[in-house]
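Comments concern the structure below.
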Amino acid sequence: MNLQPILLSAVLAATALPAAAGEGLTLATGLDYSRGSYGSSVLTEITYIPFSAKYETGPWLFKLTVPWLRITGPGGVVGGGDDRTVLRTGSTARFSASGQGDVVAGIGRTLVENAASGLIVDVAGKVKFGTADADKGLGTGKNDYALQTDVSQGFGSLSAIGTLGYKVMGDPPGLNLRNVWFGSVGAAWKLAPTTSAGVMLDLRQASVSGGRRQREVTFYAAYKLGATARLQGYLVRGLADGSPDLGIGASLSAQF
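Position one of the sequence shown corresponds to residue 1 (this note's numbering), numbered consecutively onward.
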């Protein structure tokens, strides 16, 4: 699921979930499970458990995520969540490894927030630090840097959403990873004062020459729990070899 942090904030603001609005600190955790062959004959399974803290003040958003990660597969896919990277591998043997994933830090700023027209425009930058153990096959061991812009346009209870971004990939030993463009388009609906749902199509170029590009669709729903908490669930269906065949996940957040 490629719902970037600032885009998700814009989506929830546009669909008027009260628990997601306002300034302050938000703590969140969740569980993301995905499985797929990624164009090979061997299945890769990834379990990703992020622990994140987000702080919003005025037009600014700051976020830090520290994840735990488990990968079972032939070693052709590293990382998890939005920073999953598909590498080329000729191995057919499966291995399992687990440990801390890549720490991710992000900063975003709202450039436009027009209540009358329903338009929201954000920009965000993100650094994925290579903290996952590359020797265990959990990451590349290198930093990645991304910059993106997000646009949300409200039409009553419906919001149209779009993202365009560029990621600079760090090169691990023996690999020359390509910098990639990525993007998303989708829509979100306010179903009730406490409930919203949406669908997103995520696209990303292949990070290796001749590799697998990512293309997947995500269906999600969010529900307000009390005054400051929110529960979200989602289902991912891969549409290309660079994406998992199937993914499922949930997250729980609380604002302070």
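Glycine residues also receive a C-beta, built at the ideal position from the N, C-alpha and C atoms.
Residue range of the unbroken beta strand (DSSP E) whose run includes residue i
i	result
LYS136	Per DSSP, LYS136 belongs to no beta strand (DSSP E) and is neither H nor E.
LYS142	First-last for LYS142: undefined, no H or E at that position.
PHE219	214 to 225
TYR234	229 to 238
GLY156	Note, GLY156: premise wrong, no beta strand (DSSP E); not H, not E.
LEU87	From DSSP, LEU87 is part of no beta strand (DSSP E); its letter is neither H nor E.
LEU175	Looking at the DSSP string, LEU175 is not in any beta strand (DSSP E), and its letter there is neither H nor E.
SER96	95 to 100
Cβ neighbour criterion (16 or more within 10 Å) applied to residue i
i	result
GLU23	exposed
THR57	exposed
TYR48	buried
LEU31	exposed
LEU3	Note on LEU3: pLDDT 49, under 50, position unreliable in the model; no value is reported.
GLN255	buried
ARG230	buried
THR92	exposed
LEU17	Unreliable placement is indicated for LEU17, whose pLDDT of 45 sits below 50; the coordinate value is still reported in the next sentence. Looking at its Cβ environment, which holds 16 or more other Cβ atoms inside 10 Å, LEU17 is buried.
ARG237	exposed
ALA21	With a pLDDT of only 49 at ALA21, under 50, the local geometry of the prediction cannot be trusted, and no value is derived from it.
PRO244	buried
PHE95	exposed
ASP171	exposed
LEU69	buried
Residues that residue i bridges to, as DSSP identifies them
i	result
GLU23	The partner list for GLU23 (beta bridge, DSSP) is empty, contrary to what the question assumes.
VAL123	ARG109 and THR149
SER184	THR163 and ASP202
PRO50	PRO67
ASN114	LEU119
SER251	GLY30 and GLN232
THR195	ALA192 and TYR223
Cβ distance (whole Å) where residue i is taken to contact residue j below 8 angstroms
i	j	result
LEU201	GLY186	6 angstroms
VAL151	VAL123	With a Cβ gap of about 10 angstroms, VAL151 and VAL123 do not count as contacting.
Check: residue i C-beta below 6 angstroms from any heavy atom of the ligand FAD
i	result
SER117	Summarising the ligand content, the structure contains no ligands, and the ligand FAD is consequently not present.
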